[in-house]
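Mapping of the sequence shown onto our numbering: residues 508 to 703, in sequence order.
For glycine and all other residues, C-beta sits at the position ideal for the given N, C-alpha and C.
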Amino acid sequence: MSRLVALLGHPVAHSLSPAFQQAAFDASGLDVRYEAWDVLPADLRPAVERLRGGDVLGSNVTVPHKVEMLSLVDRPDGAAERVGAVNTVVNAGGLLEASNTDVAGLLGAWEEAGIDVSGERAVLLGAGGAARAAVVALARLGARGVTVANRTPGRGEGLRPLAGGSLPLSVCPLDASSGDLRAALSEASLVIHCTP
Numbered sequence: 508m509s510r511l512v513a514l515l516g517h518p519v520a521h522s523l524s525p526a527f528q529q530a531a532f533d534a535s536g537l538d539v540r541y542e543a544w545d546v547l548p549a550d551l552r553p554a555v556e557r558l559r560g561g562d563v564l565g566s567n568v569t570v571p572h573k574v575e576m577l578s579l580v581d582r583p584d585g586a587a588e589r590v591g592a593v594n595t596v597v598n599a600g601g602l603l604e605a606s607n608t609d610v611a612g613l614l615g616a617w618e619e620a621g622i623d624v625s626g627e628r629a630v631l632l633g634a635g636g637a638a639r640a641a642v643v644a645l646a647r648l649g650a651r652g653v654t655v656a657n658r659t660p661g662r663g664e665g666l667r668p669l670a671g672g673s674l675p676l677s678v679c680p681l682d683a684s685s686g687d688l689r690a691a692l693s694e695a696s697l698v699i700h701c702t703p
């Protein structure tokens, strides 16, 4: 019986995940198909219930569902709870176990590239699930500060608790005419793109 792994997001037509994930399953000889599900926010709950089916192994989760998904799964792990967002779901006999691999991914990529962010300033473009993970990673590695630039600055303010007391966090509009953004970029040694 063929099993299924889904990508939940909106929009997802542009995603390369179905092509490379399916190629990996095929190369491994696994009878698994990878499907992109374009799920509107209003339809997320029924899509999550569909993940509980016996033929579904799990899913990847992308924009705009990473944060909302946390409240819909049965067993989020510590990383998902710490970040407040989910990007990986496993169907464990009808119970949905969830994780966030973005923090580990960032830490691993920076280590592999020899990038030391301790004592450095960063600018995040966006304030969604990926930005949440970036704030946690920057705080863990001792960055000196981060500016979150977002179209709606109030959403950027929502990342402040993730910085804890160790990472100064400021917020500015994601607008090329913003003097605050230009100033933050001039002081930053790292820019992390977290928008779709």
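### Task
Name, in chain order, the residues that DSSP records as bridge partners for Cys-701.
Reading the sequence shown from its first residue, position 194 is the one you call residue 701. In the DSSP secondary-structure assignment, Cys-701 is not bridged to any residue.
### Query
Taking C-beta to C-beta, are Ala-650 and Leu-697 nearer than 9 Å?
Numbered from its first residue, the sequence shown carries residue 650 at position 143. Numbered from its first residue, the sequence shown carries residue 697 at position 190. In this structure, Leu-697 lies closer than 9 Å to Ala-650 by Cβ.
#### Entry: Presumed contact (8 Å Cβ cut-off) between Ala-656 and Leu-688, rounded CB distance
Against the sequence shown, residue 656 aligns to sequence position 149. Against the sequence shown, residue 688 aligns to sequence position 181. Ala-656 to Leu-688, Cβ: 5 Å. Contact.
### Query
Measuring CB to CB, does Glu-604 end up less than 9 Å from Arg-589?
Here residue 604 corresponds to residue number 97 of the sequence shown, with the count starting at 1. Here residue 589 corresponds to residue number 82 of the sequence shown, with the count starting at 1. In this structure, Arg-589 does not lie closer than 9 Å to Glu-604 by Cβ.
### Query
Buried or exposed: Thr-659, going by 16 or more other Cβ atoms within 10 Å of its Cβ?
The count along the sequence shown starts at 1 and reaches residue 659 at position 152. So Thr-659 counts as exposed.
### Query
Gly-560 and Val-574: beta carbons closer than 9 Å?
As a position in the sequence shown, residue 560 is number 53, starting the count at 1. As a position in the sequence shown, residue 574 is number 67, starting the count at 1. No, Cβ-Cβ distance for Gly-560 and Val-574 is not below 9 Å.
### Query
Under a three-way DSSP split, which group does Leu-666 fall into?
Translated into the one-based positions of the sequence shown, residue 666 becomes position 159. In this structure, Leu-666 counts as coil in the three-state DSSP scheme.
### Message
On the DSSP letters alone, give me the boundaries of the beta strand (DSSP E) that Glu-542 sits inside.
### Response
Taking the first residue of the sequence shown as 1, we reach residue 542 at position 35. It spans 539–545 - the beta strand (DSSP E) in which Glu-542 sits, taken as one unbroken run.
### Task
Within its chain, find whatever has a CB closer than 6 Å to the CB of Ser-524; leave out the 5 residues flanking it on each side and keep chain order.
What you label residue 524 is simply residue 17 of the sequence shown in a count that begins at 1. Contacts found: Leu-514.
#### Entry: Exposure of Ala-699, with buried meaning 16 or more beta-carbon neighbours within 10 Å
By one-based count along the sequence shown, residue 699 stands at place 192. As written in the sequence, residue 699 is Ile, which differs from the Ala given in the question. Ile-699 should be labelled buried.
### Message
Looking at the secondary structure, which residues open and close the alpha helix (DSSP H) in which Pro-680 lies?
### Response
Here residue 680 refers to the residue found at position 173 of the sequence shown. Here Pro-680 belongs to no alpha helix (DSSP H); instead the beta strand (DSSP E) covers 676–680.
### Task
Measuring alpha carbon to alpha carbon, tell me which of Gly-671, Gly-601, Leu-558 and Thr-702 ends up nearest Leu-511.
Looking up residue 511 in the sequence shown gives position 4. Taking only the C-alpha atoms, the option nearest Leu-511 is Leu-558.
### Query
In the structure shown, what three-state DSSP assignment does Ala-616 receive?
Against the sequence shown, residue 616 aligns to sequence position 109. In the structure shown, Ala-616 adopts helical secondary structure according to DSSP, grouped into three states.
### Start-to-end residues for the alpha helix (DSSP H) that takes in Ser-566
Stepping through the sequence shown from its first residue, residue 566 is reached at position 59. That residue, Ser-566, is in no alpha helix (DSSP H); its beta strand (DSSP E) goes 563–568.
### Message
If the criterion is Cβ atoms closer than 9 Å, does the pair Leu-579 and Leu-551 meet it?
### Response
Numbered from 1 along the sequence shown, position 72 holds the residue referred to as residue 579. Numbered from 1 along the sequence shown, position 44 holds the residue referred to as residue 551. Judged by beta-carbon spacing, Leu-551 lies within the 9 Å limit of Leu-579, meaning their Cβ atoms are closer than that value.
### Query
Just reading off the alpha helix (DSSP H) that Gly-560 is part of, what are its end residues?
Position 53 of the sequence shown holds residue 560. Segment: none, Gly-560 is in no alpha helix (DSSP H) and carries neither H nor E.
### Query
Near Ser-685, what residues of its chain come up, given a Cβ to Cβ distance below 8 Å and the 5 sequence neighbours on each side ignored?
For the purposes of this step, residue 685 is identified with residue 178 of the sequence shown, where counting begins at 1. Excluding sequence neighbours, Ser-685 sits near Ala-656 and Cys-679.
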